[in-house]
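Input: a single structure, listed below in structure tokens.
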Amino acid sequence: MATLMPVLFDGLLGLGLIWFAWQALSSDNLFRAIVLFVAFGLMLALVWVRLAAPDIALAEAAIGAGVTGALLLAAMARLDVVIHEQATGNSEPSRPPRRRPASGLMILLAAGLFMALAYTLYHLPVDTPGLRQAVNTQLANSGVSHPVTAVLLNFRGYDTLLELLVLLLALLGVWSLGRCHSHAEAATGAVLDVLSRLLAPVLVLVAAYLLWLGASAPGGAFQAGAVLAAGGILLLLSGWRLPVRFTRWPLRLLLVVGPLLFLCLALITLLLEGRLLQYPLAQAGGWILLIEATATLSIGAILVALFMGRNPEPGQPDE
Numbered sequence: 051m052a053t054l055m056p057v058l059f060d061g062l063l064g065l066g067l068i069w070f071a072w073q074a075l076s077s078d079n080l081f082r083a084i085v086l087f088v089a090f091g092l093m094l095a096l097v098w099v100r101l102a103a104p105d106i107a108l109a110e111a112a113i114g115a116g117v118t119g120a121l122l123l124a125a126m127a128r129l130d131v132v133i134h135e136q137a138t139g140n141s142e143p144s145r146p147p148r149r150r151p152a153s154g155l156m157i158l159l160a161a162g163l164f165m166a167l168a169y170t171l172y173h174l175p176v177d178t179p180g181l182r183q184a185v186n187t188q189l190a191n192s193g194v195s196h197p198v199t200a201v202l203l204n205f206r207g208y209d210t211l212l213e214l215l216v217l218l219l220a221l222l223g224v225w226s227l228g229r230c231h232s233h234a235e236a237a238t239g240a241v242l243d244v245l246s247r248l249l250a251p252v253l254v255l256v257a258a259y260l261l262w263l264g265a266s267a268p269g270g271a272f273q274a275g276a277v278l279a280a281g282g283i284l285l286l287l288s289g290w291r292l293p294v295r296f297t298r299w300p301l302r303l304l305l306v307v308g309p310l311l312f313l314c315l316a317l318i319t320l321l322l323e324g325r326l327l328q329y330p331l332a333q334a335g336g337w338i339l340l341i342e343a344t345a346t347l348s349i350g351a352i353l354v355a356l357f358m359g360r361n362p363e364p365g366q367p368d369e
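Residues 51 to 369, numbered by this note's numbering, are exactly what the sequence shown covers, in order.
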């Protein structure tokens with residue numbers, strides 16, 4: 051019975067994922083679909099825990115469910131404003147909606163993808179050495195003691211660098227769309243106001259802990275940045291706004307400090323060591339900590355700026 055319980059739990063978890071995904075995709079109510087998407091993200095975090103990948107589980111719970119869910123809710127609120135303005139004649143009518151593809155074709159494509167994945171999984175060898183042995187062999191030269199951090203910040207650091215640049219480009223794409231429609235915000239209650247002011251410092255401490263923990267245990271810049279962004283989004287929901295004097299160069303410096311430092315260190319290592327992001331052994335740990343600290347600040351700031359949905363223009367208060 052003890053050996054059967056994990057199998058039953060994993061089976062129910064897999065069926066729950068499929069059910070939440072189908073309900074989120076087929077729901078006609080946007081709010082319900084977003085709530086189901088958040089629930090799907092939380093269940094997916096449990097799946098990563100069951101697969102012994104706590105790093106990915108932390109990122110999925112913080113970014114995939116929490117921050118992304120908040121972004122979707124903010125987008126839905128602004129979409130409601132646009133629809134209301136179009137209905138009252140205060141803005142130009144939108145383009146006619148495109149016809150949705152036939153559901154039968156979508157089911158057929160999904161079934162084909164499922165069969166291809168099942169075929170690949172079935173033909174995988176039972177015993178695969180993977181790269182664990184190679185990573186463990188070079189772990190002492192990485193500057194950290196956790197293999198995931200060693201891979202993400204040292205052995206394949208350019209992947210993490212590209213991820214930071216993608217986040218920054220996504221924000222630039224949102225800002226290039228111009229200012230969003232102004233709308234009156236509902237007054238926040240006393241409970242949310244007090245809760246946000248109490249939780250924000252705690253989230254900052256949790257982010258610092260996850261950042262420091264990343265060198266030896268599951269954690270790191272993306273998890274810490276997501277928790278930091280959660281604190282910022284909570285403050286925005288409670289009515290807090292960035293002071294005008296911080297909306298020009300201080301904000302932009304915070305957004306680019308992580309990717310910019312990462313790029314500079316990549317060029318320095320290329321000149322000194324002859325290889326991209328090949329840190330000197332004596333300074334590897336300090337360089338990785340510096341990269342993760344600045345990346346945490348940039349990731350948190352970028353995610354909060356994405357939630358705001360527009361470029362805060364200097365000299366104009368947020369609406």
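Virtual Cβ for every residue (Gly too), placed ideally from N, Cα, C.
| Item | Value |
| --- | --- |
| Coil, strand or helix - T178 by DSSP | coil |
| CB contact flag (D243, S288, <8 Å) | yes |
| Rounded Cβ spacing between L214 and A345 (contact assumed at less than 8 Å) | 6 Å |
| Nearest-angstrom Cα separation, counted from G324 out to V254 | 38 Å |
| Neighbourhood of L123 by C-beta, 7 Å cutoff - its chain only, sequence neighbours within 5 removed | I84 |
| Residues near V354 in its chain [Cβ-Cβ closer than 8 Å; skip 5 each side] | A279, G282, I283 and L286 |
| Cβ-based neighbour list, D105, same chain, cut-off 8 Å, excluding 5 preceding and 5 following | V198, P268, G269, G270 and Q273 |
| Alpha-carbon spacing of N79 relative to F87, whole angstroms | 12 Å |
| Whole-Å CB distance - L304 paired with A351, under 8 Å assumed | 5 Å |
| Enclosing alpha helix (DSSP H) for P268 [first to last residue] | P268 -> no alpha helix (DSSP H), and no H or E assigned at all. |
| Supposed close pair L210, L202 - CB separation, criterion 8 Å | Sequence inspection shows Thr at residue 210; the Leu mentioned does not correspond to that position. Going by Cβ atoms, the distance from T210 to L202 rounds to 5 Å, so yes, they are a contact pair. |
| Exposed unless 16 or more other CB atoms sit within 10 angstroms - verdict on I349 | buried |
| Unbroken alpha helix (DSSP H) run spanning I370, endpoints | Nothing can be reported for residue 370, as the shown portion of the chain is limited to 51 through 369. |
| Test item: CB-CB of S126 and F81 under 8 Å | Note on identity: in this sequence residue 126 is Met, with Ser being the wrong assignment. Yes. |
| Buried/exposed call for S195, threshold 16 Cβ in 10 Å | exposed |
| 7 Å Cβ shell around V307 - same chain, five flanking residues per side excluded | T344, L347 and S348 |
| Under the three-state DSSP convention, the category S288 falls into | coil |
| is_contact[S226, chain D] using C-beta, thresh 8 Å | The structure shown contains no chain D; it is built from a single protein chain. |
| Three-state secondary structure assigned by DSSP to R206 | coil |
| Simplified DSSP state of L158, which is helix, strand or coil | helix |
| Environment of M165 [buried if 16+ CB atoms lie within 10 Å] | exposed |
| DSSP state of P293 mapped onto helix, strand, coil | coil |
| Boundaries of the alpha helix (DSSP H) in which G61 is found, first to last residue | L54 to S76 |
| Check: G335 C-beta below 7 Å from any heavy atom of the ligand GTP | Inclusion of the ligand GTP in the displayed structure is not the case, the ligand content being empty and no account of it being possible. |
| Continuous alpha helix (DSSP H) stretch holding R100: start and end | L80 to R100 |
| A184, buried or exposed, once every other Cβ within 10 Å from all chains shown has been counted against 16 | exposed |
| Backbone CA spacing between M55 and R128 [nearest angstrom] | 45 Å |
| Opening and closing residue of the alpha helix (DSSP H) in which L303 lies | W299 to E323 |
| Contact check, L339 vs A265, beta carbons under 8 Å | yes |
| Contact check, W225 vs R100, beta carbons under 8 Å | no |
| Through-space distance from G64 to W299, alpha-carbon basis | 47 Å |
| Reference P457; option with closest CA among N204, I68, A109 and L67 | No statement about residue 457 is possible, as the shown extent of the chain runs from 51 to 369 and does not include it. |
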